[in-house]
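Numbering-wise (my numbering), the sequence shown opens with residue 117 and increments by one.
To start, the structure itself, in structure tokens.
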Amino acid sequence: MNLTCPSCRSMIAKDDVNVSTDIVLCRKCGKTFSFSQLLNGSSSGGADLTAPPRGAWFEQIPGGFRVGASTRSAMALFFIPFTCAWSGMSMSGIYGTQIKSGHFDPSSSLFGLPFLIGTVCLVSVCAMMIAGKVEVTRSGDMLSVFSGVGLLGWTRSFRWSDFDSVREEVRRNGWNGNFSRQGPVILLEGRRRVAFGSMWNDERRYFVLSALRSMFGSSNRAQSTTIMAPQFR
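Spelled out as structure tokens, the structure:
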């Protein structure tokens with residue numbers, strides 16, 4: 117089992133974990149944390165909300181907060197040419213020939229629907245990689261999660277009181293678990309479960325995770341121990 121310091125993100129040696137006293141020591145930054153809460157993905161350490169990484173933001177608003185991050189990624193350099201090539205060939209071959217000839221072929225059009233849907237999905241991913249964002253906003257007891265580009269996107273609305281914890285989870289993406297990949301997401305849990313942030317890099321996801329943990333209050337954040345640190349070997 118590998119443990120990472122939530123403050124400086126350094127790996128913690130096994131010799132610096134004292135299970136009997138529930139204390140973990142990070143020798144690089146000198147901070148101590150609760151082992152049980154660190155194991156569950158919580159920690160009192162976290163990102164500095166006043167100094168977000170590039171592409172992320174956090175602000176207090178009346179009755180709540182707004183936190184989010186861009187989904188811009190260098191992977192767009194691969195996805196855009198691939199989308200142009202794959203979609204261009206499939207769409208021109210299936211629908212372009214029909215438009216050029218002026219003759220509608222129902223069977224060919226039906227056959228091309230999966231390619232059309234795939235094109236829409238690929239174009240959406242490319243747009244998110246170029247100028248997309250995911251933003252979480254709380255206003256009173258209302259919570260919204262927006263994913264999109266500019267004002268165009270998908271907004272999911274919930275009640276803040278429906279959730280009592282937040283953590284990072286590695287989950288399987290894909291149809292029925294097939295042709296899938298493992299990817300980390302942020303997971304809000306309580307009376308319901310909501311996941312988001314799969315397109316963020318580690319730095320942005322960690323910042324948003326830290327911000328949300330701090331907003332849940334001290335009961336949902338791991339506490340740095342205030343007792344004397346044990347003797348580590």
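For glycine and all other residues, C-beta sits at the position ideal for the given N, C-alpha and C.
key: Spatial distance of serine 281 from asparagine 134 (CA atoms)   = Here the question's residue 281 lines up with position 165 in the sequence shown. Here the question's residue 134 lines up with position 18 in the sequence shown. About 25 Å.
ask   = Who does threonine 148 pair with in a DSSP beta bridge?
value = Against the sequence shown, residue 148 aligns to sequence position 32. Looking at the DSSP assignment, threonine 148 forms a beta bridge with Leu141.
task = Using 10 angstroms around the beta-carbon of proline 168, count the other beta-carbons present and answer buried if the total reaches 16, otherwise exposed.
result = As a position in the sequence shown, residue 168 is number 52, starting the count at 1. With 16 or more Cβ atoms within 10 Å of its Cβ, proline 168 is classed as buried.
ask   = On the premise that arginine 182 lies in contact with glutamate 251, defined as a C-beta separation below 8 Å, what is that separation, rounded to the nearest angstrom?
value = Taking the sequence shown and counting its residues from 1, one reaches residue 251 at position 135. Taking the sequence shown and counting its residues from 1, one reaches residue 182 at position 66. Confirmed, about 7 Å.
ask   = Where does the unbroken alpha helix (DSSP H) through methionine 207 begin, and where does it stop?
value = Counting from one through the sequence shown, the residue named residue 207 turns up at place 91. Run containing methionine 207: 192-207, per the alpha helix (DSSP H) assignment.
query = Taking the alpha-carbon positions, what's the glycine 266 to methionine 331 distance?
reply = If you number the sequence shown from 1, residue 266 lands on position 150. If you number the sequence shown from 1, residue 331 lands on position 215. About 25 Å.
request  = Using alpha carbons as the reference points, say which of Arg272, Leu232, Leu226, Gly269 lies closest to methionine 207.
outcome  = For the purposes of this step, residue 207 is taken as the residue at position 91 of the sequence shown. Measuring from the Cα of methionine 207, the nearest candidate turns out to be Leu232.
query = When we look at the beta-carbon of threonine 148 and count the other beta-carbons within 10 Å, is it buried (16 or more) or exposed?
reply = Here residue 148 refers to the residue found at position 32 of the sequence shown. Result: buried.
inquiry  = According to DSSP, is phenylalanine 231 part of a helix, a strand, or is it coil?
reply    = Taking the sequence shown and counting its residues from 1, one reaches residue 231 at position 115. Note: phenylalanine 231 maps to helix in three-state DSSP.
task = Under 6 Å Cβ to Cβ from threonine 253, same chain only, skipping five residues before and after it: list those, please.
result = The residue given as residue 253 occupies position 137 in the sequence shown. For threonine 253, where only same-chain residues beyond five positions count, the Cβ hits under 6 Å are Arg182, Ser260.
ask   = Hey, does phenylalanine 195 have any beta-carbon neighbour from chain D nearer than 8 Å?
value = Considering every chain present, this structure includes no chain D. It has just one protein chain.
ask   = Are at least three pairs of beta-carbons, each pair with one atom in the segment 215-225 and one in the segment 240-247, less than 8 Å apart?
value = no
ask   = Considering only C-alpha positions, which residue in the set Ala172, Val241, Trp173, Ser186 is nearest to phenylalanine 356?
value = Residue 356 falls outside the range modelled here, since the chain spans only 117 to 349, and no answer is possible.
ask   = According to DSSP, which residues form a beta bridge with glutamate 305?
value = Your numbering for residue 305 matches position 189 in the sequence shown. In DSSP, glutamate 305 forms a bridge with Ser281.
query = Where does leucine 267 fall in DSSP's three states?
reply = As a first step, residue 267 must be located in the sequence shown, where it is residue number 151. Of the three classes helix, strand and coil, the one that applies to leucine 267 here is coil, per DSSP.
ask   = Out of curiosity, what's the CA-to-CA distance linking serine 255 and phenylalanine 262?
value = What you label residue 255 is simply residue 139 of the sequence shown in a count that begins at 1. What you label residue 262 is simply residue 146 of the sequence shown in a count that begins at 1. Their backbone Cα atoms lie some 14 Å apart in a straight line.
ask   = What residue from Ala172, Ala163, Thr187 has the CA that sits closest to methionine 315's CA?
value = The residue given as residue 315 occupies position 199 in the sequence shown. For methionine 315, the nearest C-alpha among the options comes from Thr187.
request  = Measure the beta-carbon distance from alanine 185 to glycine 171 and round it to whole angstroms, keeping in mind my assumption that it falls under 8 Å.
outcome  = Residue numbering aside, residue 185 sits at position 69 when the sequence shown is read from its first letter. Residue numbering aside, residue 171 sits at position 55 when the sequence shown is read from its first letter. Going by Cβ atoms, the distance from alanine 185 to glycine 171 rounds to 6 Å, so yes, they are a contact pair.
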